[in-house]
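What follows is a short report on a single structure.
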Amino acid sequence: MPELPEVETIRRQLLPQVVGRHILSVRVTRSRAVRAHATPDEFIRLLGHAAIIDIIRRGKALLFLLDNGRSLLARLGMSGRLKTADPSSTPEPHTHVFIELSGGVELRYIDPRTFGQMAVVEGHDPDRMIELGHYGVEPLGEAFTPEVLCRALSGKTALIQAVLMDQTKITGIGKIYADEACFLAGVHPERAACSLTDDEIVRLHAAIREVLQKAVEARGTSTLDAAYRDAAGNVGGFQFQLHVYQQNGRPCRVCGTLIEYRPFQGRRMHFCPCCQH
DNA sequence: AATGGGGCCTGAGAGC
DNA sequence: TGCTCTCAGGCCCCAT
């Protein structure tokens, strides 16, 4: 599932391939992929023949900044992928959007489960976009401090896991890194957010940054169903460093106790019953 | 205001 | 072999 490290990996790969190129033509083969617009034609019209001047990331969202004052927003959902291809090459199954660029490059959006989407939005500043304005702090940015995490957790009866995945508090964390950050911090994910001590909040803050940074360095995590591929079509490397996510039944790398999982809001959370309290 | 649950989707894998 | 069922989860919407 593309979370912050996966999206950042794709951004870095696409940057040298698409920046500076103009949009020549756009094709949408599944309207659900651009469902924020009344029709695919509207999406295509708003893109026009703009040039891509930069790609920035906000949480799990990618923004292709255009020289017409708008931005192409891509949210990958569970199974969304972006890649560049030769315009004449056979598209992979579930390719829903084709953006032909100058220089013989085509940007393609692929998404089997169709939870993701593309949209054209006004402006270049994500904090001023209604689509992304509700997003919380960037966990790898300077603004994310232990104090900010403390405010996000304080008074919350919801589980730590739920708060970490709440994009309006901290943006970019999903199932994988919420599980992993709790493990690194030694905190049980089933605890109420407000129950963490100051020391635990400091540890959790450091754990969030550490796990995200290491996952970016490893080019993201490709989980069991291998849905995630980077823009070059390769799997990530962080799945080999996971401690708890989808590791249930395996011995903890630290203490050897078997990793467990429990249902959580229709999902599962993974933890080591010995290392996390 | 905060919280929890349902629905959207398709492919992989399990079970029969 | 081939069918049916379950699971995966980001994000939005709605009820409490």
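According to this note's numbering, the stretch in the first sequence is residues 885 to 1161, in order.
From the three backbone atoms N, C-alpha and C, an ideal C-beta is built for every residue, glycine too.
- Here the C-alpha atom of LEU947 lies approximately 6 Å from the C-alpha atom of SER955.
- Taking PHE999 as reference, the option from ASP925, HIS980, MET1049 and GLY943 with the minimal CA-CA separation is HIS980.
- Contact check for PHE1155 against PRO1073 passes: the beta carbons are separated by less than 7 Å.
- Around the beta carbon of ASP1114, 16 or more other beta carbons sit within 10 angstroms, so the residue counts as buried.
- Closest in C-alpha terms to MET1153, from the list GLU1031, GLN1045, THR893 and PHE1028, comes GLN1045.
- In the same chain as ALA1111, and ignoring 5 residues on each side of it, the C-beta atoms closer than 6 Å to its own belong to SER963, in chain order.
- Residue pairing by DSSP puts ILE940 in a beta bridge opposite LEU947.
- In chain order, PHE927, LEU930, ALA1003 and VAL1004 place their CB closer than 8 Å to the CB of HIS921, counting only its own chain and leaving out the 5 sequence neighbours on each side.
- Between GLU1006 and PRO1030, the alpha-carbon positions lie close to 33 Å from each other.
- C-alpha of LEU1108 to C-alpha of GLU976: approximately 20 Å in a straight line.
- About 7 Å separates the Cβ atoms of ALA1069 and GLU1084, confirming a contact at the 8 Å cut-off.
- The secondary-structure analysis by DSSP pairs ALA1065 with nothing; it has no beta-bridge partner.
- In the three-state DSSP reduction, VAL1047 falls in the helix class (H, G or I).
- Its Cα nearest to that of ALA917, the residue LEU966 stands out among ALA935, SER986 and LEU966.
- The C-beta distance from TYR1019 to ARG942 rounds to 6 Å, short enough to fall under 8 Å.
- Distance between LEU1126 and VAL1071, taken at the CA atoms: about 16 Å.
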